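Undergrad: Under the numbering used here, residues 308 to 762 are what the sequence shown spells out, in order. Glycine included, every Cβ here is placed at the ideal spot set by N, Cα and C. Predicted model, so just to flag it, every value in this text is computed and none were measured. Below are the C-alpha cells for one structure; questions will follow.
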Amino acid sequence: MQDQTEMLATALPHYRTGEIPDEVRMVAKSSLLDWIGVSLAAAHSDPMRGLRDVLNPAAVPGNATLIGGGSTSPMLAARLNGTAGHVLDFDDVLSSFGHPTVPVLPAALALAEVHGASGDALLRAFIGGIETESRVSDMVGARHYEVGFHSTATLGIFGAAAASAMLLGLDHEQTVTTLSLASISSSGLKSAFGSWGKSLQVGHAAAEGLIAAQLAQAGATGPGTRLDGTQGYLRTHRVPGDPTIVADQLAAPSDDWRTLGMLFKYHASCYGTHSSIESLRRLRGEAGDADVRAIRLGVSSRHIGMCDQTNARTELQGKFSLAFTSGLAWVRGSAGEADFHPSSMSDAQVQDMAARVQVLEDPARPFSTTEVEVELNDGRTLTSAIDMTIPAPMSELQDQWGRLEQKFRSLTEPLLEVAVVDALVDAVRNVDDLGSATELTAALAAAGAALTPSH
308 MQDQTEMLAT ALPHYRTGEI PDEVRMVAKS SLLDWIGVSL AAAHSDPMRG
358 LRDVLNPAAV PGNATLIGGG STSPMLAARL NGTAGHVLDF DDVLSSFGHP
408 TVPVLPAALA LAEVHGASGD ALLRAFIGGI ETESRVSDMV GARHYEVGFH
458 STATLGIFGA AAASAMLLGL DHEQTVTTLS LASISSSGLK SAFGSWGKSL
508 QVGHAAAEGL IAAQLAQAGA TGPGTRLDGT QGYLRTHRVP GDPTIVADQL
558 AAPSDDWRTL GMLFKYHASC YGTHSSIESL RRLRGEAGDA DVRAIRLGVS
608 SRHIGMCDQT NARTELQGKF SLAFTSGLAW VRGSAGEADF HPSSMSDAQV
658 QDMAARVQVL EDPARPFSTT EVEVELNDGR TLTSAIDMTI PAPMSELQDQ
708 WGRLEQKFRS LTEPLLEVAV VDALVDAVRN VDDLGSATEL TAALAAAGAA
758 LTPSH
C-alpha cells in the first residue's frame, strides 16, 4: 500500500497531462494576474531593497526574470519573487490553508522560463502545486496554524516542490524524494506577522521547494521516513487529536478542485480583518451623523495572534490590526494600499477610532465571520456579520476576473505605461495558449525594467 507521500506524488501526472476544467484554469489565471500585480507594486519596497542588497542577485548569472527588473538563477528568482508577492499581504487566500499562490508560482515561473516550458505547462504546474499544498494542509490539520506555524510558508513549500517536480519532468521516485526533501526545509512562524519576516519566510518556501526538486533530479536522497513515518513531518508538525485524512482525499481530483476555493483580497490587509472591514463600510452609511462610542468585534480564536495587534504605528502592523483596519473602514470607508501609507498611520481621526475598538474572542465563532457591533452616541447599536470565505460561483468567474483586472490596474498603472500593463493582462489571459512561458516573462521583464527604483 502506498504511503501518503507516494499518493501525493501519484497525483501529479494527472495535473501534467489530464483534463483540467475550464473553470479551474480561469481561477488559476486570475491568481496569476493578481500575484503579478501585488508583486510589481512591492518590487521596490523596503523589504525588497533590503533583500536585493543582501542577496545581490545581479552577481548570480541566470535567465530567470526578477520582479522589478533583471534576471538571476531560478533559485534566487523564486526567493526574491516569492518575497515580493507577499510584502503587501494583498495576495490571494484559501481559507483552509493560507496564501496559496505566492509560494508556488515564483518557483514554477522561474523553472518554466529557463527550461522553455509552454504556457500551458506553467499553468498546469501551478495548479498541481496548489492542489498538492492544500492536501498537505489537510494532512497536518487546522491546529498546525493555531499553535503558531505560518502555514503559507510551512505548507507552501510542498506546493512549490510539486510544481517544480512537474516542470522538471521528474519520475515517481524523484517526486517522492522532492516532497521528502521539502519536508526538512519547511519553516515559518506566525510570530513574524507585522514584520519583514512574514514575507521573507514565504520567499524561502518558494526557493527551497524548487531546490528540493533540483536536488532530486541530481540524485539526492531524502528522509527515508518521508512525510508520514516515525519522526517524519506529520509526526512533528501535526497536533495530536486533529482528524486524520482519508486516503482518497490525496488522489487527483475528479470534482474536488481546491483551486476553485480561491478567495481574493480587495483590501490590503490580513484576510482576518476583511469581514469587519466590509461590515463597517456598510454600517457607516446607516450611522448618519452620529458619533461612535464604541466598536465591538466578536472574533474567532484563530484571529487572536493573527491580526489583533494593538497601537499599530507601521504599515505592516496596521495590516495585522483589527483595531486599525476598523478605524480606516469607518473613517475613510476603505483599506486599500494607499490607506497604509505612513501619513495614514499617523492620521489622528483613524487612530482615535481605532482606540474605540474592542476585540472580543469567542471560541465558538467561526473564522469566516466577525460579529460587528457599533454603539452610537444617539443610543443606537448597529450590527453586521459578513462571511468572507465564500468563493465566486462558476457563473461569476468572468466578473471576478474583471474586478481583479481593476485591482491589477490600480496597482500597476500608477507605475507603468498603460501599454505595458495591457501586455501583461493579455499574456496572462492567454497564458495556456502561449507556445513558451518566456512570452509571459518577457512582458514581466519589460514591466520590471520600466519601474523606477524610487518606488
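Within 10 angstroms of the Cβ of A525, are there 16 or more other Cβ atoms? Answer buried if so, exposed if not.
TA: Within the sequence shown, the letter at position 218 stands for residue 525. Flag for A525 reads exposed.
Undergrad: So L387 and L430 are supposed to be a Cβ contact under 8 Å. How far apart are they, rounded?
TA: Against the sequence shown, residue 387 aligns to sequence position 80. Against the sequence shown, residue 430 aligns to sequence position 123. Actually they are not in contact, since the Cβ atoms of L387 and L430 sit about 22 Å apart, beyond 8 Å.
Undergrad: Mind checking who A371 pairs with in its DSSP beta bridge?
TA: As a position in the sequence shown, residue 371 is number 64, starting the count at 1. Partner(s): T379.
Undergrad: Rounded to whole angstroms, what's the CA-CA distance from R589 to T676? Just pull it up for me.
TA: Numbered from 1 along the sequence shown, position 282 holds the residue referred to as residue 589. Numbered from 1 along the sequence shown, position 369 holds the residue referred to as residue 676. Looking at the two C-alpha atoms, the distance is approximately 15 Å.
Undergrad: Roughly how many angstroms separate the alpha carbons of A318 and M446, rounded to a whole number?
TA: Here residue 318 corresponds to residue number 11 of the sequence shown, with the count starting at 1. Here residue 446 corresponds to residue number 139 of the sequence shown, with the count starting at 1. Approximately 15 Å between the Cα atoms of the pair.
Undergrad: Name the two residues that bound the continuous alpha helix (DSSP H) containing L339.
TA: Against the sequence shown, residue 339 aligns to sequence position 32. Segment D329 to A349, the alpha helix (DSSP H) holding L339.
Undergrad: Could you check the C-alpha separation between H581 and V732 for me, to the nearest Å?
TA: Taking the sequence shown and counting its residues from 1, one reaches residue 581 at position 274. Taking the sequence shown and counting its residues from 1, one reaches residue 732 at position 425. Distance between the alpha carbons of H581 and V732: 26 Å.
Undergrad: Can you look up L587 in the DSSP assignment and give me helix, strand or coil?
TA: Stepping through the sequence shown from its first residue, residue 587 is reached at position 280. Here L587 sits in helix by DSSP.
Undergrad: Roughly how many angstroms separate the alpha carbons of A696 and I611, rounded to a whole number?
TA: Reading the sequence shown from its first residue, position 389 is the one you call residue 696. Reading the sequence shown from its first residue, position 304 is the one you call residue 611. Reading off the sequence shown, one finds Thr at residue 696, where the question assumed Ala. So the two alpha carbons sit approximately 18 Å from each other.
Undergrad: To the nearest angstrom, how far is it from the Cα of E440 to the Cα of G495?
TA: The residue you call residue 440 lines up with position 133 of the sequence shown. The residue you call residue 495 lines up with position 188 of the sequence shown. Roughly 15 Å between the two C-alpha positions.
Undergrad: Starting from G357, trace the alpha helix (DSSP H) both ways and give me its first and last residue.
TA: As a working mapping, residue 357 is identified with position 50 in the sequence shown. D353 to L362 is the extent of the alpha helix (DSSP H) around G357.
Undergrad: Starting from the Cα of E680, find the closest Cα among P670, F674, P673 and R663 and give me that residue.
TA: Translated into positions along the sequence shown, residue 680 becomes position 373. Here the closest residue by C-alpha is R663.
Undergrad: Run the CB neighbour count on S444, radius 10 Å, all protein chains shown included, and call it buried at 16 or more, exposed below.
TA: For the purposes of this step, residue 444 is taken as residue 137 along the sequence shown, with counting starting at 1. The residue in question, S444, is buried, as its Cβ has 16 or more Cβ neighbours within 10 Å.
Undergrad: Can you name the start and end residues of the alpha helix (DSSP H) that R672 belongs to?
TA: Taking the first residue of the sequence shown as 1, we reach residue 672 at position 365. Premise fails: R672 is in no alpha helix (DSSP H) and is neither H nor E.
Undergrad: Whether or not the segment 598-608 and the segment 648-666 are in contact is what I'm after, with contact meaning three or more pairs of Cβ atoms, one per stretch, closer than 8 Å; do they touch?
TA: The segment 648-666 vs the segment 598-608: in contact.
Undergrad: Starting from the Cα of L395, find the closest Cα among L474, L534 and E644 and give me that residue.
TA: In the sequence shown, counting from the first residue as 1, residue 395 sits at position 88. Closest option to L395, Cα to Cα, is E644.
Undergrad: Count the other CB atoms within 10 Å of the CB of Q311; is the residue buried (16 or more) or exposed (fewer)?
TA: Here residue 311 refers to the residue found at position 4 when the sequence shown is read from its first residue. Buried, since its Cβ has 16 or more Cβ neighbours within 10 Å.
Undergrad: Using 8 Å as the threshold, is the C-beta distance between M652 and V638 below it?
TA: If you number the sequence shown from 1, residue 652 lands on position 345. If you number the sequence shown from 1, residue 638 lands on position 331. Contact flag unset, no.
Undergrad: Is it buried or exposed for H479, if we count other Cβ within 10 angstroms and need 16 for buried?
TA: As a working note, residue 479 is residue 172 in the sequence shown. The residue is exposed, with fewer than 16 neighbouring Cβ atoms inside 10 Å.
Undergrad: Please report how far the alpha carbon of R545 lies from the alpha carbon of L689, in whole angstroms.
TA: Walking along the sequence shown from the start, residue 545 turns up at place 238. Walking along the sequence shown from the start, residue 689 turns up at place 382. Near 41 Å, if we compare the C-alpha coordinates of L689 and R545.
Undergrad: Just checking my contact of A472 with Q481 at CB under 8 Å: how many whole Å lie between their CB atoms?
TA: By one-based count along the sequence shown, residue 472 stands at place 165. By one-based count along the sequence shown, residue 481 stands at place 174. Contact holds; Cβ gap of about 7 Å.
Undergrad: Going by CA-CA distance only, name the one from D685, L741 and T543 that's closest to D596.
TA: Within the sequence shown, the letter at position 289 stands for residue 596. Closest by alpha carbon: D685.
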